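Comments concern the structure below.
There are 2 protein chains.
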Amino acid sequence: MSDIQTQFVKNVLADAASAPKPTGSAFAPSNIALAKYWGKRAAALNLPINSSLSISLGALGTRTEIRVRGSVEATSSSLDRGSDVPVAPDDVYLNGVLQAPETSFARRVSSFLDLFRPLFAGRGFEVRTENNIPTAAGLASSASGFAALVMALDDLAGWGLDKKRLSMLARLGSGSAARSVYDGFVQWNAGENPDGTDSFAERVDAVWPDFRVGVLELSAAEKPVGSRDGMNRTVETSALYESWPAQARRDIETIRTAIENRDFSALGAAAENNALAMHATMMSAWPPLIYLQPESIEMIHQVQRVRAEGLEVYLTIDAGPNLKLLFLAENEAAVAAAFPELQLIKPFG
Amino acid sequence: MSDIQTQFVKNVLADAASAPKPTGSAFAPSNIALAKYWGKRAAALNLPINSSLSISLGALGTRTEIRVRGSVEATSSSLDRGSDVPVAPDDVYLNGVLQAPETSFARRVSSFLDLFRPLFAGRGFEVRTENNIPTAAGLASSASGFAALVMALDDLAGWGLDKKRLSMLARLGSGSAARSVYDGFVQWNAGENPDGTDSFAERVDAVWPDFRVGVLELSAAEKPVGSRDGMNRTVETSALYESWPAQARRDIETIRTAIENRDFSALGAAAENNALAMHATMMSAWPPLIYLQPESIEMIHQVQRVRAEGLEVYLTIDAGPNLKLLFLAENEAAVAAAFPELQLIKPFG
């Protein structure tokens, strides 16, 4: 927690109402970026160098319940904490299981809640988080997780924040969480201001019921380098990165136009090119950042092959080894035949 | 053969002597670029967008013998040619085997010889080419092949061309052949003139006996897209390519300084970064150009792993799936242990 973060939260909550309830709860969908976020211009406020555009995954995501705990001092769990563990007087449950305070999950949640704790008389929280994303899906849960947490807090306190403000707060937990406060297609505008007040997501007004996403889980191995460090290394060392922000800008324009025209081929091509260009910036960093695994390359070639044979399927890959496929309902059977391990997702239900 | 090529050859040979012999012969080494050539600014004269820097592979390369044939019309092979085959009244032998005129090897040789044929009264040639590059090495033979062919022609005609002019002529056959007229470290200057007269290679004055190259052949499969088409596609469609020429320029400076200071780590890092950046420009082309195979990614990760453990080994990869490793004599045994399939090359003998 830094002064700049505290000030930012204060600004965002300046006009907030107050109608506290005993329990706040919310659901936020997971999302997959079609035009990726890669590179921070300011770390403390999670401000991106480039805008990004995503598709939310409908009913797949995170449901969170939060309440203020009766008393911090009265619990044995807070007394048990060693001195090297940051003070985090919260009970954090993930899928029904209480997480030890020193786990990275509990630490991230508590340190995010620290930003809001002064508004709750410094008290601890009980947080119950349920992810319905299949564990095997290889989908990041931090986007839906922080979005759901902020929305649950808003519900608890009765702030009545609009989506724009919820998006800005979620961003502090994880950049991509800024997009998970909406359903459907979502654009997160990078913004320009150092104070972070113009960096928030907006819904793209479009419903495309036939749009399909497929997840190919190739490796559940933990990333050798996390996204945050990976971004910083890329921005600092990749000579090719200097061309990335302009490409991201063009890809977003292309994808928005493609959504408007329901031009799936244009959308797919731009999304695949964008994802591979992001991996290209990583690969040209030093030391090289290669999130792709042998199986990823095999499946990338497989996508090129079946598309050359006429099947309209495109890929996207986040900072990890797993592919996500993009296609339309009419090709569901053919894509499933070409990629038997595919997990099908219908973003519009 | 275009007018611009004919004019270029005429210019290069303007001051050439003439002392014909019955047979011309020459050897040229294969080479591996440490700072890659990727992208043409003019196709007909094989003029590159960026300069490149290579290491020649000592005694590994191509030996070529050439003589003028007695009479074009007298041979049955020339009479047999169909009308859709370009006139190529040459007998071209590769490793002792006469190549049918419609093979891509014979066509490339004959079409290159067409540039010089008027100087030999339009007659056909007998060309005998021997590559001593292990077939399994996955090394391109067109660089040493065209360099040896030009040098053998020079020997046959007694032109007495200097290396600079030999380099310019070899370039017309294959860009990287411009570098194969020298031993050791070689820099091919991109040049700026549209007439191609300032685009030639020069030797870097340095001998580094402990310098080692290792070849890891991972796949002998033919490339789905040749280098020429791959370059053009990258230049035309990759947004990241616009950052490539400046990177290439910096990498060459870094590598030259590293050679001067015998700073192997600096050389290795720049060469590996350069090769991965070249692959990054390909990957961000559309449609994506992915020369890497699953085994390539496995070995790229393996190089990162053993280097993180302290072994000074770096990789480079041309437009194909195979890795070449760079290391010093002192680490020969350790590198061979980490990469059992390695074929060792000593560029300085």
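Protein chains in written order, with the working numbering: chain A, 1 to 349; chain B, 1001 to 1349. Glycine included, C-beta positions come from ideal geometry on N, C-alpha and C. What you are looking at is a predicted structure, and each value in this text was computed from that prediction instead of being measured.
When DSSP labels each residue in this structure, what does N273(A) get in the three-state scheme? As a working mapping, residue 273(A) is identified with position 273 in the first sequence. Looking at N273(A) - three-state DSSP - the assignment turns out to be helix.
Which same chain residues end up closer than 6 Å to M168(A) when comparing Cβ atoms and leaving out the 5 residues on each side of it in sequence? Taking the first sequence and counting its residues from 1, the one referred to as residue 168(A) is at position 168. For M168(A), same chain residues with a beta-carbon under 6 Å away, outside a window of 5 residues either side, are V12 and F200 in chain order.
Excluding sequence positions up to five away, which residues of its chain have a Cβ less than 7 Å from the Cβ of M278(A)? As a working mapping, residue 278(A) is identified with position 278 in the first sequence. The beta carbon of M278(A) sits closer than 7 Å to the beta carbons of K36 and W38 from its chain, once the five residues preceding and following it are set aside; these are given in chain order.
Relative to the C-alpha of I32(A), which residue among L342(A), L315(A) and P288(A) is closest? Walking along the first sequence from the start, residue 32(A) turns up at place 32. Nearest to I32(A) by C-alpha distance, out of L342(A), L315(A) and P288(A), is L315(A).
Starting from the beta carbon of N1232(B), find every residue of chain A whose beta carbon is closer than 9 Å, and list them in chain order. As a position in the second sequence, residue 1232(B) is number 232, starting the count at 1. Contact annotation for N1232(B) against chain A: no contact, minimum CB-CB distance about 17 Å [criterion: below 9 Å].
Own chain residues within Cβ distance below 7 Å of P1365(B), not counting five before or after: Summary: the structure shown does not reach residue 1365(B), with chain B confined to residues 1001 through 1349, and so no result is reported for it.
Within 8 Å: the Cβ of A280(A) and any heavy atom of the ligand ZN? Only the bare structure without any ligand can be found here, which leaves the ligand ZN out of the picture.
Listed from N- to C-terminal order along the chain, which residues in the stretch 1200-1227 of chain B have their beta-carbon within a distance smaller than 9 Å of any beta-carbon of chain A? Correct list: P1224.
Does the beta-carbon of E1217(B) have 16 or more other beta-carbons within 10 angstroms, so that it is buried, or is it exposed? Numbered from 1 along the second sequence, position 217 holds the residue referred to as residue 1217(B). Result: buried.
In chain order, which continuous runs of the beta strand (DSSP E) of length 3 or greater are located wholly inside the stretch 235-312 of chain A? Along the stretch 235-312 of chain A, the beta strand (DSSP E) does not occur as any fully enclosed run of 3 or more residues.
Rounded straight-line distance, which links the Cα of A1220(B) to that of R1108(B): By one-based count along the second sequence, residue 1108(B) stands at place 108. By one-based count along the second sequence, residue 1220(B) stands at place 220. If I take the Cα positions, the gap works out to 21 Å.
Any Cβ of chain B within less than 9 Å of the Cβ of A100(A)? Residue 100(A) sits at position 100 when you count from the first residue of the first sequence. Nearest CB-CB separation between A100(A) and chain B: not below the 9 Å threshold.
Anticipated Cβ contact below 8 Å, A140(A) with R63(A), distance rounded: In the first sequence, the residue the question calls residue 140(A) occupies position 140. In the first sequence, the residue the question calls residue 63(A) occupies position 63. Cβ-Cβ separation between A140(A) and R63(A): approximately 17 Å, too far for a contact (criterion under 8 Å).
Once DSSP output is grouped into helix, strand and coil, what is the label at R1041(B)? Along the second sequence, read from residue 1 onward, the residue named residue 1041(B) stands at position 41. Note: R1041(B) maps to strand in three-state DSSP.
Quick one: grab the DSSP three-state call for I23(A). To locate residue 23(A), count along the first sequence from 1; it is residue 23. Per the sequence presented here, residue 23(A) reads as Thr, with Ile not at that position. DSSP places T23(A) in coil when its eight states are reduced to three.
Contact set for A1334(B): own chain, Cβ-Cβ below 7 Å, skip 5 residues either direction: Your numbering for residue 1334(B) matches position 334 in the second sequence. Here the set comprises L1311.
I want to know whether the stretch 1246-1254 of chain B touches the stretch 1263-1281 of chain B - three or more CB-CB distances under 8 Å. Between the stretch 1246-1254 of chain B and the stretch 1263-1281 of chain B, the count of C-beta pairs closer than 8 Å reaches three or more; the two stretches touch.
Would you kindly report the start and end of the unbroken alpha helix (DSSP H) that includes A157(A)? Locating residue 157(A) in the first sequence gives position 157, where the first residue counts as 1. Its alpha helix (DSSP H) spans residues S142 to A157.
Rounded to the nearest angstrom, how far is the Cβ of D90(A) from that of F125(A), given a contact under 8 Å? Looking up residue 90(A) in the first sequence gives position 90. Looking up residue 125(A) in the first sequence gives position 125. Indeed they touch by this definition, with Cβ atoms about 5 Å apart.
I need the boundaries of the beta strand (DSSP E) containing F211(A), first residue and last residue. For the purposes of this step, residue 211(A) is identified with residue 211 of the first sequence, where counting begins at 1. Unbroken beta strand (DSSP E) run through F211(A): F211 to L216.
Strictly below 7 Å CB to CB, what residues from chain B border S243(A)? Numbered from 1 along the first sequence, position 243 holds the residue referred to as residue 243(A). The answer, in chain order, is A1239, L1240, E1242 and S1243.
For A277(A), which residues in chain B fall below 7 Å Cβ to Cβ? Taking the first residue of the first sequence as 1, we reach residue 277(A) at position 277. Residues of chain B passing the Cβ test: A1239, L1240 and S1284.
Please confirm if N273(A) has its CB atom under 9 Å from at least one CB of chain B. Position 273 of the first sequence, counted from the start, is the residue given in the question as residue 273(A). Yes, N273(A) counts as interfacial toward chain B.
Short-range partners of chain B found in the stretch 293-304 of chain A, where Cβ spacing is below 8 Å: From the stretch 293-304 of chain A, only Q293, P294, E295, S296, I297, E298, I300, H301 and Q304 have a Cβ closer than 8 Å to chain B.
Cβ contact check for the stretch 234-251 of chain A and the stretch 280-299 of chain A: 3 or more pairs under 8 Å: Verdict: yes, contact present.
Residue(s) in a DSSP beta bridge with G61(A): Within the first sequence, numbered from 1, the residue matching residue 61(A) stands at position 61. In the DSSP output, where bridge partners are listed per residue, G61(A) has P29(A).
Can you pull the DSSP bridge partners for D1091(B)? Along the second sequence, one-based indexing puts residue 1091(B) at 91. DSSP output for D1091(B) lists E1126(B) as bridge partner(s).
Taking C-beta to C-beta, are T1129(B) and F1008(B) nearer than 9 Å? If you number the second sequence from 1, residue 1129(B) lands on position 129. If you number the second sequence from 1, residue 1008(B) lands on position 8. Contact flag unset, no.
Does any residue of chain A bring its CB to less than 9 Å from the CB of A1246(B)? Against the second sequence, residue 1246(B) aligns to sequence position 246. Put simply, the CB of A1246(B) is near chain A, with a gap under 9 Å to one of its CB atoms.
Please report the distance separating the alpha-carbon of L342(A) from that of I133(A). Residue mapping note: residue 342(A) aligns to position 342 of the first sequence, counting from 1. Residue mapping note: residue 133(A) aligns to position 133 of the first sequence, counting from 1. Rounded to whole angstroms, L342(A) to I133(A) spans 14 Å at the Cα level.
Per DSSP, S52(A) is paired with what? For the purposes of this step, residue 52(A) is taken as the residue at position 52 of the first sequence. Paired residue(s): W188(A).
Since S1030(B) contacts L1060(B) with CB under 8 Å, what's their CB separation in whole angstroms? In the second sequence, residue 1030(B) corresponds to position 30, counting from 1. In the second sequence, residue 1060(B) corresponds to position 60, counting from 1. Beta-carbon to beta-carbon, S1030(B) and L1060(B) are separated by about 5 Å, close enough to satisfy the 8 Å threshold.
Where A1121(B) sits in the DSSP three-state scheme: As a position in the second sequence, residue 1121(B) is number 121, starting the count at 1. DSSP places A1121(B) in coil when its eight states are reduced to three.
Neighbourhood of L1079(B) by C-beta, 7 Å cutoff - its chain only, sequence neighbours within 5 removed: As a position in the second sequence, residue 1079(B) is number 79, starting the count at 1. With a pLDDT of only 40 at L1079(B), under 50, the local geometry of the prediction cannot be trusted, and the value read off the model is given with reservation. Listed in chain order, the non-local C-beta contacts of L1079(B) below 7 Å within the same chain number zero, local neighbours out to five positions each way being set aside.
Please state whether the Cβ-Cβ distance between L326(A) and M299(A) is less than 9 Å. Here residue 326(A) refers to the residue found at position 326 of the first sequence. Here residue 299(A) refers to the residue found at position 299 of the first sequence. With a cutoff of 9 Å on beta-carbon distance, L326(A) and M299(A) are scored as not near each other.
Nearest CA to the CA of N1191(B): which residue from K1040(B), K1010(B) and A1016(B)? Residue 1191(B) sits at position 191 when you count from the first residue of the second sequence. Checking the sequence shown, residue 1191(B) turns out to be Gly, not Asn. The residue with the shortest Cα to Cα distance from G1191(B) is K1040(B).
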